[in-house]
Amino acid sequence: MSTWLDLFVPAGDPLWHSDVGKAFHWLGRALAAAFSGAGVPASVHSGPYEAGPSDGLVCFASLGPGEVVVGGQKLVGISQRRTREGSRFQCIAYDRFELGPLASVVDSATAAQVRDRAVGWADFGITASPTDMAEHMVRFITTHYIE
800 MSTWLDLFVP AGDPLWHSDV GKAFHWLGRA LAAAFSGAGV PASVHSGPYE
850 AGPSDGLVCF ASLGPGEVVV GGQKLVGISQ RRTREGSRFQ CIAYDRFELG
900 PLASVVDSAT AAQVRDRAVG WADFGITASP TDMAEHMVRF ITTHYIE
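Residue numbers (the numbering used here): 800 to 946.
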């Protein structure tokens, strides 16, 4: 199971950044802090985009600026769509990452590497439902980052 969050930041807002790569960082920091507060030792990937073992085919196996990681494994993926009105961020976190149907499009060695690159909150003993986790993340963001 997974939790999805969609956020919109209007152009000109203090959280909006003209640099596409840097625009992710505030959100990654907020989500890493939310997970850290729940007992997951999360941090933010501050490096450039890394395609990962599937060469970008399985997005959760890649790492982008601002995404949330634990020990190099992705915990929260973040994508961004921009218009002149602002930036829309879409975030996903899994309770336990599963390849599901994507396992059929990669060989078994790549599938194993992909699974090694991803982690879910249940892997740290957190038993929250996806709804509860979404509420926790939103509550943290709105309390700490949005005035």
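Ideal placement from N, C-alpha and C gives every residue a C-beta, glycine not left out.
| query | result |
| --- | --- |
| Residue of Val867, Leu898, Phe939 and Gly838 minimising C-alpha distance to Gly846 | Val867 |
| CB contact flag (Tyr848, Leu862, <9 Å) | yes |
| Straight-line gap, Ile891 to Ala810 (C-alpha atoms, nearest Å) | 23 Å |
| Start-to-end residues for the beta strand (DSSP E) that takes in Val868 | Val867 to Val869 |
| Cα-Cα separation, Leu806 to Arg887 | 6 Å |
| Where Thr802 sits in the DSSP three-state scheme | strand |
| Length of the line joining the Cα atoms of Phe834 and Val913 | 22 Å |
| Close-in-space but distant-in-sequence residues of the same chain around Glu946 (CB under 6 Å, 5 per side omitted) | Its pLDDT being 41, under 50, Glu946 is placed unreliably by the model, and nothing is read from it. |
| Own chain, CB closer than 6 Å to Phe939, minus 5 neighbours either side, in chain order | Ala833 |
| Range of the contiguous alpha helix (DSSP H) that encloses Gly836 | His824 to Gly836 |
| Reduced DSSP category for Ser853 - H, G, I as helix; E, B as strand; rest coil | coil |
| Contacts around Phe859, its chain only, beta-carbon distance under 7 Å, and the 5 residues preceding and following it disregarded | Lys873, Gly876, Phe896 and Ala917 |
| Contact under 9 Å by Cβ, Val843 with Gly851 | no |
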